[in-house]
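Chains as they are written, first to last, in our numbering: chain C, 19 to 166; chain W, 5 to 156; chain F, 316 to 732. Built from N, CA and C at the ideal position, the CB exists for glycine as well. Here the structure is laid out as structure tokens; the discussion comes afterwards.
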Amino acid sequence: MAKVFIYPATSLILSDLVARFGHQPLGSAISIREHIQTPGFDSPPIQMTPDDPQKGLKWAAVEVPSGIRGRMSLYGPLVEEAEAAIIIDEPDLAFGCMGCARTNELLAFMLREKEIPRLELRYPASKEEGVTFVAAIKEFLKNLEVQQ
Amino acid sequence: MKPYVPQYVGTITKYVFVDSPDTTPQDIATAAYEIAQGVMIKETCFGCQITGSPEDVERIIAHLRKLDPYRIYVKDRGFPPGDARRCRADLGGARPGYLGHEYEMGLVRYIAYGLQETDRMTPEELKAAAGQEMSMPKALDIDILESLMKEE
Amino acid sequence: MSEQPVRIAQITCGAEYSGIQNEITTAAETVGSKMFYPDVALKDVKCAYKDFGLPVKSPDLKLAISRAQAIVEGRIEADGIFIASCFRCAEAAIVRNELRRYIVENSRIPVVSYSFNERTGASTLLTRLEALTTIARRRSLMAREVQVGTTMGVDSGSSTTKCIIMQDNEIIGTGWRPTTEVLKSADEVIALALEESGLKMSDIEATATTGYGRFLVGKHMNADLVQEELTVNSKGAVYLANAQKGFATVIDIGGMDNKAISVNDGIPGSFTMGGICAGASGRFLEMTAKRLDVDITELGALSMKSEGGEDVPMNSYCIVFGTQSLVNALAAGYKREDVAAAACHSVAQQVYEQQLQEVDIKEPVIMVGGSSLIQGLVRAMGRMLNTEVVVPHHSQYIGATGGALLASGFIDKKKEA
Chain C
19 MAKVFIYPAT SLILSDLVAR FGHQPLGSAI SIREHIQTPG FDSPPIQMTP DDPQKGLKWA
79 AVEVPSGIRG RMSLYGPLVE EAEAAIIIDE PDLAFGCMGC ARTNELLAFM LREKEIPRLE
139 LRYPASKEEG VTFVAAIKEF LKNLEVQQ
Chain W
5 MKPYVPQYVG TITKYVFVDS PDTTPQDIAT AAYEIAQGVM IKETCFGCQI TGSPEDVERI
65 IAHLRKLDPY RIYVKDRGFP PGDARRCRAD LGGARPGYLG HEYEMGLVRY IAYGLQETDR
125 MTPEELKAAA GQEMSMPKAL DIDILESLMK EE
Chain F
316 MSEQPVRIAQ ITCGAEYSGI QNEITTAAET VGSKMFYPDV ALKDVKCAYK DFGLPVKSPD
376 LKLAISRAQA IVEGRIEADG IFIASCFRCA EAAIVRNELR RYIVENSRIP VVSYSFNERT
436 GASTLLTRLE ALTTIARRRS LMAREVQVGT TMGVDSGSST TKCIIMQDNE IIGTGWRPTT
496 EVLKSADEVI ALALEESGLK MSDIEATATT GYGRFLVGKH MNADLVQEEL TVNSKGAVYL
556 ANAQKGFATV IDIGGMDNKA ISVNDGIPGS FTMGGICAGA SGRFLEMTAK RLDVDITELG
616 ALSMKSEGGE DVPMNSYCIV FGTQSLVNAL AAGYKREDVA AAACHSVAQQ VYEQQLQEVD
676 IKEPVIMVGG SSLIQGLVRA MGRMLNTEVV VPHHSQYIGA TGGALLASGF IDKKKEA
């Protein structure tokens, strides 16, 4: 079982397919869960505090807006952990954790830069494309098993 | 600053979505309740949310998937269900993630078809299908099309 | 508080991930308002983004556009709107400005815009949200255009304390003192104003306080109205400048921070408050006067002897470097009047660059507060904005005058009681 970073990190479809075909999806929910289940100071809604953008300095410099650094503090550790990645191009309607285009650009770059198996594709727009989309992901994940 | 004491530490929560002519969200929730054995199940408009130990949650999901294998979709959630910090009733509006789900749920019918078709394929056929170009240009979004027609 | 909370629509990008969402919520609750997320569907987001015509890439900014549109079109009700995004994000800054403009032009809902980072705390947000809440809750009070009866306004500012007594729409007493101890200074200015007007405290029918010390002074004198300076000053400004109808822009360069307020029919529409460093405030001009060995009241006249001092190298972005520039300019042989004018130009430039970009500048531009008496600063601001800046009479008493004007709304209420 490989740890597969999903991009968009909030994707229901990718999360489902990765888990369905026997691997562990790494996405936003994992990091948010960690925040929600860690005691500390009360900072609703997602228990992120000004410390998080500071932690994000590891992945983005101080002149980068705080919202990007805060998001990178969620994603940075997951990218480091990732053994593979599936990237959907232009997730223009994924909000919240994936709501910032600049963060998304940096995140996609970090995934591409890392030397791990990577599949890049786009959302299907027809039944036929649905077949290609699922087949590509299934095949990619099957090959990960072989490699492991 | 107020101290924060988390609840449900060590549990995981998963969303179960269903988009099927044969299975309703209520069917999913009922089936989950039947084998819950104390695990927290929350029925929702799209299916249910399950909160418990990772093993318990996986056990229930494996059972639910069998009900409609190609049309049930599962995803991790950071919050336990009904959490006031994320609840629409408390925020006045949906959390941003809801709209993302709404978007992807509009596409799952293609995924369902893809899952069904690839399930019947031999390894060679799968490899060939995976290598297909997704060359069709991005279709015009149905909501945008509707608004353009109204403008006309 | 028995009143219903004022509902403020939150249109932000990045607040949760900057770790400051709780600060926003807390500040809103402190002033009796409640933040809410305007509820829109995915379809609204796609169409709003297309209709608005600004092709942004960030999904949360598309969501922001859709939320603003839902409010302006009346699909969602809100008493006020808070627009904010991450400091240093260019994409969000464009959206923030365009949404603010769109809301002001297409609705009567008050709006405040702000850029934050992870250091933004509830206290920073408090005055802004208090002003937003006041405009929403007290619209009828804010609509007052004529002073009636005998009223008093006290402005307890960070540098100076001011008092104004008004009777039948005329100013009849004034008091002014540097702020030392908040209550002592307030008592002194009240005594001065009473003496000038020939009245006793018992003749005053209603009172109001504003400025940093408003709560303390308000409690001390049992004031009828205790109000932040953004709304009170803008009210005082359009009243004294006789610009109560139509649009106006009020600029108040204060001792510690600056305010820029866009006013429509006497009611603030959008505003900014801040100043990254004291270098962009009246404090820098006080230091300049001290270094040039003139009284602050003479700095204006001195600066007017110069053509404008634009060629003197001066950067008041930071008060420390600004002071160094002063010393260097004098050492380089520049004339005192040119240095005085350069200091005025530098402060005007900082205010222009940092704050006036966040409000729509519409004529007349009215400058108020003690710094409006420094002619060189008014001239520099006028040149920067390419307009004739209006400085009304009693402009240094703006908060106290606004307070006295608004206090008259309480006379009838007291009589009824």
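Neighbour list for alanine 147(W) in chain F, Cβ cutoff strictly below 7 Å: Within the second sequence, numbered from 1, the residue matching residue 147(W) stands at position 143. Reading off the sequence shown, one finds aspartate at residue 147(W), where the question assumed alanine. Result: Lys358, Lys361 and Cys362.
Where cysteine 362(F) falls: helix, strand or coil (DSSP): Indexing the third sequence from 1 puts residue 362(F) at position 47. Correct three-state label for cysteine 362(F): helix.
Whole-angstrom distance between asparagine 412(F) and isoleucine 86(C), CA atom to CA atom: The residue labelled residue 86(C) in the question sits at position 68 within the first sequence. The residue labelled residue 412(F) in the question sits at position 97 within the third sequence. If I take the Cα positions, the gap works out to 20 Å.
Residues that leucine 119(W) contacts on chain C, provided the C-beta gap is smaller than 7 Å: Residue mapping note: residue 119(W) aligns to position 115 of the second sequence, counting from 1. Within 7 Å Cβ-Cβ: Val152.
Contacting residues, own chain, Cβ-Cβ under 8 Å from valine 164(C) (five flanking each side not counted): Translated into the one-based positions of the first sequence, residue 164(C) becomes position 146. Excluding sequence neighbours, valine 164(C) sits near nothing in its chain.
Isoleucine 566(F) and methionine 467(F) closer than 7 Å at C-beta: Counting from one through the third sequence, the residue named residue 566(F) turns up at place 251. Counting from one through the third sequence, the residue named residue 467(F) turns up at place 152. No. Outside cutoff.
Host alpha helix (DSSP H) of asparagine 579(F) (start-end): On the third sequence, residue 579(F) is found 264 positions in, with the first residue counted as 1. It is not in any alpha helix (DSSP H) - asparagine 579(F) instead sits in the beta strand (DSSP E) that spans 573-579.
Assumed close pair glutamate 433(F), serine 84(C) - CB separation to whole angstroms, cut-off 8 Å: Taking the third sequence and counting its residues from 1, the one referred to as residue 433(F) is at position 118. Taking the first sequence and counting its residues from 1, the one referred to as residue 84(C) is at position 66. At roughly 4 Å, the Cβ-Cβ gap stays under 8 Å, so glutamate 433(F) and serine 84(C) are in contact.
Helix, strand or coil at proline 63(C) according to DSSP, with G and I counted as helix: Taking the first residue of the first sequence as position 1, residue 63(C) is located at position 45. In the structure shown, proline 63(C) sits in coil (DSSP, three-state: anything other than H, G, I, E or B).
Range of the contiguous alpha helix (DSSP H) that encloses phenylalanine 127(C): For the purposes of this step, residue 127(C) is identified with residue 109 of the first sequence, where counting begins at 1. First-last of the alpha helix (DSSP H) with phenylalanine 127(C): 119-131.
Closest Cα partner of asparagine 573(F) within the set Ile418(F), Val662(F), Val461(F) and Met481(F): Your numbering for residue 573(F) matches position 258 in the third sequence. Nearest option by C-alpha distance: Val662(F).
Buried versus exposed, by CB contacts within 10 Å (16 or more), alanine 88(W): Within the second sequence, the letter at position 84 stands for residue 88(W). So alanine 88(W) counts as exposed.
Isoleucine 32(W) vs valine 43(W) beta-carbon contact at 7 Å: Taking the first residue of the second sequence as 1, we reach residue 32(W) at position 28. Taking the first residue of the second sequence as 1, we reach residue 43(W) at position 39. No, Cβ-Cβ distance for isoleucine 32(W) and valine 43(W) is not below 7 Å.
Contact check, threonine 476(F) vs serine 500(F), beta carbons under 7 Å: Residue mapping note: residue 476(F) aligns to position 161 of the third sequence, counting from 1. Residue mapping note: residue 500(F) aligns to position 185 of the third sequence, counting from 1. Yes, the Cβ-Cβ distance between threonine 476(F) and serine 500(F) is below 7 Å.
Collapsed DSSP secondary structure at serine 473(F) in the structure displayed: Sequence index remark: in the third sequence, residue 473(F) carries index 158 (1-based). Coil, per DSSP.
Which residues DSSP lists as bridging phenylalanine 431(F), in chain order: Taking the third sequence and counting its residues from 1, the one referred to as residue 431(F) is at position 116. In DSSP, phenylalanine 431(F) forms a bridge with Cys401(F).
Selection from Leu540(F), Thr327(F), Val426(F) and Gly347(F) that minimises the alpha carbon distance to threonine 524(F): Here the question's residue 524(F) lines up with position 209 in the third sequence. Considering only alpha carbons, the answer is Leu540(F).
Limits of the beta strand (DSSP E) - the one that arginine 81(W) falls within: Taking the first residue of the second sequence as 1, we reach residue 81(W) at position 77. Note, arginine 81(W): beta strand (DSSP E), 76-81.
Simplified DSSP assignment, three categories, for lysine 349(F): Translated into the one-based positions of the third sequence, residue 349(F) becomes position 34. If DSSP states are grouped into helix, strand and coil, lysine 349(F) belongs with the strands.
Cβ separation of valine 355(F) and alanine 385(F), assumed to be a contact under 8 Å, to the nearest whole Å: By one-based count along the third sequence, residue 355(F) stands at place 40. By one-based count along the third sequence, residue 385(F) stands at place 70. Confirmed, Cβ separation roughly 5 Å.
Beta-carbon spacing of glycine 714(F), glutamate 445(F) below 7 Å: If you number the third sequence from 1, residue 714(F) lands on position 399. If you number the third sequence from 1, residue 445(F) lands on position 130. No, these two residues do not count as a Cβ contact at 7 Å.
Range of the contiguous beta strand (DSSP E) that encloses methionine 588(F): As a working mapping, residue 588(F) is identified with position 273 in the third sequence. Note, methionine 588(F): beta strand (DSSP E), 582-589.
Alpha-carbon to alpha-carbon, lysine 377(F) and methionine 138(W): As a first step, residue 138(W) must be located in the second sequence, where it is residue number 134. As a first step, residue 377(F) must be located in the third sequence, where it is residue number 62. Roughly 27 Å separates the two Cα atoms.
Closest residue to valine 9(W) among Pro62(C), Phe158(C), Gly40(C) and Asp69(C) (Cα-Cα distance): As a first step, residue 9(W) must be located in the second sequence, where it is residue number 5. When only C-alpha atoms are compared, the closest one is Pro62(C).
First through last residue of the beta strand (DSSP E) which encompasses glutamate 47(W): Start at 1 with the first residue of the second sequence, and residue 47(W) comes out as number 43. Looking at the DSSP string, the run of the beta strand (DSSP E) that includes glutamate 47(W) is 44-47.
Residues, ordered as in the chain, of the stretch 378-396 of chain F that lie near chain C by beta-carbon distance below 7 Å: Leu378
At least 3 beta-carbon pairs within less than 8 Å: the stretch 659-678 of chain F vs the stretch 397-404 of chain F: no
Glutamate 123(C): contacting residues in chain W (beta-carbon distance under 8 Å): Counting from 1 along the first sequence, the entry for residue 123(C) is found at position 105. Neighbours of glutamate 123(C) on chain W: none; closest Cβ ~18 Å, over 8 Å.
CB contact check: isoleucine 5(W) to chain C, cutoff 7 Å: Position 1 of the second sequence, counting from 1, holds the residue named residue 5(W). For clarity, residue 5(W) is methionine in the given sequence; the question names isoleucine instead. Methionine 5(W) counts as touching chain C.
Three-pair Cβ contact test at 8 Å for the stretch 597-616 of chain F versus the stretch 553-562 of chain F: no
Closer than 7 Å to chain W by CB, alanine 47(C): Residue mapping note: residue 47(C) aligns to position 29 of the first sequence, counting from 1. Yes - at least one Cβ of chain W is within 7 Å of the one on alanine 47(C).
Cβ of phenylalanine 636(F) within 7 Å of any chain W Cβ: Within the third sequence, the letter at position 321 stands for residue 636(F). Judged by the 7 Å Cβ criterion, phenylalanine 636(F) is not in contact with chain W.
Buried or exposed (CB count within 10 angstroms, at least 16 for buried), threonine 522(F): If you number the third sequence from 1, residue 522(F) lands on position 207. That one is buried.
Near-chain F residues of the stretch 44-72 of chain C (beta-carbon distance less than 8 Å), N- to C-terminal order: Asp60, Ser61, Pro62, Pro63, Ile64, Met66, Thr67, Pro68, Asp69, Asp70, Pro71 and Gln72
Reference glutamate 81(C); option with closest CA among Ile391(F), Cys404(F) and Lys729(F): Here residue 81(C) corresponds to residue number 63 of the first sequence, with the count starting at 1. Out of Ile391(F), Cys404(F) and Lys729(F), Cys404(F) has the C-alpha closest to the C-alpha of glutamate 81(C).
Which listed residue (Val666(F), Gln672(F), Val627(F) and Gln664(F)) has its alpha carbon closest to that of threonine 648(F): The count along the third sequence starts at 1 and reaches residue 648(F) at position 333. According to the sequence provided, residue 648(F) is glycine. The question's threonine does not apply to it. Closest option to glycine 648(F), Cα to Cα, is Val627(F).
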